[in-house]
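Undergrad: Before anything else, here's the structure in question.
There are 2 protein chains.
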Amino acid sequence: MARTGKTTTDREGDTRARLVVAARDLFLEGGAASFSLREVARRVGLSAAGVYRHFDGKEALVAAACMQGFTVFSSYLVRALDAPDPLARLLATGDQYRRFALGNPLDYRFIFMSAAEDIHKGDGPATGPPSSTFRFLVDRVRECMDARVLVKADAEKVALVIWAHVHGLVSLRLSGHLSALGDDEAFAAFYGGSVEGLLRGLGR
Amino acid sequence: MARTGKTTTDREGDTRARLVVAARDLFLEGGAASFSLREVARRVGLSAAGVYRHFDGKEALVAAACMQGFTVFSSYLVRALDAPDPLARLLATGDQYRRFALGNPLDYRFIFMSAAEDIHKGDGPATGPPSSTFRFLVDRVRECMDARVLVKADAEKVALVIWAHVHGLVSLRLSGHLSALGDDEAFAAFYGGSVEGLLRGLGR
DNA sequence: GTCTATAGGTGGATAGAC
DNA sequence: GTCTATCCACCTATAGAC
Chain X
244 MARTGKTTTD REGDTRARLV VAARDLFLEG GAASFSLREV ARRVGLSAAG
294 VYRHFDGKEA LVAAACMQGF TVFSSYLVRA LDAPDPLARL LATGDQYRRF
344 ALGNPLDYRF IFMSAAEDIH KGDGPATGPP SSTFRFLVDR VRECMDARVL
394 VKADAEKVAL VIWAHVHGLV SLRLSGHLSA LGDDEAFAAF YGGSVEGLLR
444 GLGR
Chain P
244 MARTGKTTTD REGDTRARLV VAARDLFLEG GAASFSLREV ARRVGLSAAG
294 VYRHFDGKEA LVAAACMQGF TVFSSYLVRA LDAPDPLARL LATGDQYRRF
344 ALGNPLDYRF IFMSAAEDIH KGDGPATGPP SSTFRFLVDR VRECMDARVL
394 VKADAEKVAL VIWAHVHGLV SLRLSGHLSA LGDDEAFAAF YGGSVEGLLR
444 GLGR
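Going line by line, the protein sequences match chains X and P. Sequential numbering of the first sequence, starting at 244, is according to the numbering used here. Sequential numbering of the second sequence, starting at 244, is according to the numbering used here.
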């Protein structure tokens, strides 16, 4: 059984941390397919057996490695709160969503393009979207409804529609199906116009 | 699916066909990760070496196996042409898209949720969506614009927006992120309302 | 056409020395 | 805590017998 928690000053935590980083890199590079404990060990200059001093095995290593993307995602979203009014904050949320996806494509793939069961195992029943970040969007939508920028309706469902829309755009982009649109700047413009069109339909 | 052409008595075509079917099943079950030539051979009761009589190797087998999803997808889309007017045909196209995705989740994942480079290798440059089926949607959109059901605009870009929207919905559904909506029927209703909202924004 | 045998590679995991 | 040595499972692919 490997160590848990316990922040210390010895080199143990150091090696463990480097393992997590290398594991995340590898996992996000080639997906679960090409992930191997041995390769991770190789990258940090450790023998394969040495990894077992820090983790119980492959699964534990992957699990530890994959928690980071969520943190990064949240850090993008909160920046949308700097915008001055409800509509601006909603649009900024969409903007940050796109920035996160294009700036961290591998994290995005993992969080939103993998089977939900494979990801949210410690989160209780995987009945919905990653909850805390989804609630952020719901709050932005409700805010707009309260300000009469969107017509009053079920905020959760409207948030789902918006989420699906932006997810569709960025996931097709990440899969290469929208490369005809040009560079990332051109895509950003297309993305903005598309969201604009959707919000129009939602009664802005 | 009935036999197509050339009913023979030799078992060669038979074995080859069974290999393709087994390969497709296996590939769609576990993705490229768990795919192995040996397992395919096992399933059809053939030795691993025997496969090389029918295919050059693993890659060729995968390639042959993955052509089928496209055919099935097309067979769904064309049914939308039965609808009586442009708008109905556009809506029916969206409907068939959803039906295909939910009815053939593994094929859908392969076609639309894998990296484009991994799929369209024989199609020349992978600069856009699977071309022939995408053109079908563009045609439905243009038809609606001609009939003044949608405001005149760049039909290709509008089609991309619609595609992204429906893809977002079904892909989140397939990943399990929309399971809170209930069963497939409830999802279908949500899907319909969502598309409705988008088309409203696109100037219907 | 299909087989067995085999070569040569990946990987996960454990035991025991240091 | 890290190593080497080892075992076992699985894979792709080829060679040659039948």
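All residues carry an ideal CB built from backbone N, CA and C; glycine is no exception.
Could you tell me the alpha carbon to alpha carbon distance between arginine 385 (chain P) and glutamate 399 (chain X), rounded to whole angstroms?
TA: 33 Å
Undergrad: Spell out whether any CB of chain P is found under 8 Å from the CB atom of valine 404 (chain X).
TA: yes
Undergrad: Alpha helix (DSSP H) containing aspartate 426 (chain X): first to last residue?
TA: Aspartate 426 (chain X): not part of any alpha helix (DSSP H); DSSP gives it neither H nor E.
Undergrad: So, at 6 Å on beta carbons, what are the nonlocal neighbours of threonine 258 (chain P) in its own chain, with the 5 sequence-adjacent residues on each side left out?
TA: Within the same chain, and ignoring the five residues on either side of threonine 258 (chain P) in sequence, no residue has its Cβ closer than 6 Å to its Cβ.
Undergrad: Which value, in whole angstroms, describes the spacing of the CA atoms of leucine 415 (chain X) and phenylalanine 355 (chain P)?
TA: Approximately 8 Å between the Cα atoms of the pair.
Undergrad: Check each candidate in P:Leu333, P:Arg342, P:Asp427, P:Gly444 and name the one with the smallest Cα separation from aspartate 389 (chain P).
TA: P:Leu333
Undergrad: Of all Cβ atoms in chain P, is any one closer than 8 Å to the Cβ of leucine 345 (chain X)?
TA: Chain P has no Cβ within less than 8 Å of the Cβ of leucine 345 (chain X).
Undergrad: CA-CA distance, leucine 269 (chain X) and valine 315 (chain X)?
TA: 17 Å
Undergrad: Tell me the DSSP secondary structure of glycine 293 (chain X) in three-state form.
TA: helix
Undergrad: State the Cα-Cα distance for the pair aspartate 201 (chain X) and glycine 411 (chain X), rounded to the nearest angstrom.
TA: A query on residue 201 (chain X) cannot be resolved here, the shown segment of chain X reaching from 244 to 447 and no further.
Undergrad: DSSP on alanine 390 (chain X), reduced to helix/strand/coil?
TA: coil
Undergrad: Kindly indicate the opening and closing residues of the alpha helix (DSSP H) around lysine 242 (chain P).
TA: Chain P is shown from 244 up to 447; residue 242 (chain P) falls before or after that span and cannot be answered.
Undergrad: My guess is that alanine 232 (chain P) and valine 287 (chain P) are in contact by the Cβ rule of under 8 Å, so how many angstroms apart are they, rounded?
TA: This structure cannot speak to residue 232 (chain P), because chain P is shown only from 244 to 447.
Undergrad: Give, in chain order, every unbroken run of the alpha helix (DSSP H) that is at least 4 residues long and sits entirely within the segment 304–345 of chain X.
TA: 311–321
Undergrad: Excluding the 5 residues flanking aspartate 427 (chain X) on each side, which residues of the same chain have their C-beta closer than 8 Å to its C-beta?
TA: Leu345
Undergrad: So, with DSSP's three-state summary, where would you put lysine 395 (chain X)?
TA: Taken through DSSP and simplified to helix, strand or coil, lysine 395 (chain X) comes out as coil.
Undergrad: For phenylalanine 377 (chain P), which of helix, strand or coil comes out of DSSP?
TA: Looking at phenylalanine 377 (chain P) - three-state DSSP - the assignment turns out to be helix.
Undergrad: Would you mind reading off the limits of the alpha helix (DSSP H) that contains arginine 447 (chain X)?
TA: That residue, arginine 447 (chain X), is in no alpha helix (DSSP H); it is neither H nor E in DSSP.
Undergrad: Is it buried or exposed for serine 418 (chain P), if we count other Cβ within 10 angstroms and need 16 for buried?
TA: buried
Undergrad: Please check if any C-beta of chain P sits within less than 8 Å of the C-beta of methionine 356 (chain X).
TA: yes
Undergrad: When DSSP labels each residue in this structure, what does serine 277 (chain X) get in the three-state scheme?
TA: Helix.
Undergrad: Give me the residue from X:Leu403, X:Tyr434, X:Leu393 with the minimum Cα distance to leucine 442 (chain X).
TA: X:Leu393
Undergrad: Leaving out five residues on either side along the sequence, give the residues of the same chain with a beta carbon under 6 Å from the beta carbon of phenylalanine 298 (chain P).
TA: Leu304
Undergrad: Can you name the residues of chain X whose CB is closer than 9 Å to the CB of serine 437 (chain P)?
TA: Lys400, Leu403, Val404, Ala407, His408
Undergrad: In angstroms, rounded to a whole number, what distance separates the CA positions of arginine 281 (chain X) and phenylalanine 313 (chain X)?
TA: 26 Å
Undergrad: Is alanine 432 (chain P) helix, strand or coil when you go by DSSP?
TA: helix
Undergrad: Would arginine 443 (chain X) count as contacting chain P if we go by Cβ distances under 8 Å?
TA: Chain P contact via Cβ: present.
Undergrad: Could you confirm whether any beta carbon from chain X is found closer than 8 Å to the beta carbon of alanine 306 (chain P)?
TA: So no, alanine 306 (chain P) is outside the interface.
Undergrad: Listing by chain order, which chain P residues have their CB less than 8 Å from the CB of glycine 411 (chain X)?
TA: Trp406, Ala407, His408, Val409, His410, Gly411, Leu412, Ser414
Undergrad: Below 7 Å on C-beta distance, what does alanine 275 (chain P) contact in chain X?
TA: Ala276
Undergrad: Looking at the secondary structure, which residues open and close the alpha helix (DSSP H) in which methionine 356 (chain X) lies?
TA: Residue range 348–356 is occupied by the alpha helix (DSSP H) that includes methionine 356 (chain X).
Undergrad: Out of X:Gly446, X:Leu445, X:Val409, state which residue places its alpha-carbon closest to the alpha-carbon of phenylalanine 430 (chain X).
TA: X:Val409
Undergrad: Would you tell me roughly how many angstroms separate the C-alpha atoms of arginine 261 (chain X) and serine 375 (chain P), rounded to the nearest one?
TA: 47 Å
Undergrad: Does the beta carbon of serine 375 (chain P) sit closer than 8 Å to a beta carbon anywhere in chain X?
TA: no
Undergrad: Please name the residue, chosen from X:Cys387, X:Cys309, X:Arg391, X:Phe377, that lies closest to tryptophan 406 (chain X) on a Cα-to-Cα basis.
TA: Each of X:Cys387, X:Cys309, X:Arg391, X:Phe377 was checked against the Cα of tryptophan 406 (chain X), and the nearest Cα belongs to X:Phe377.
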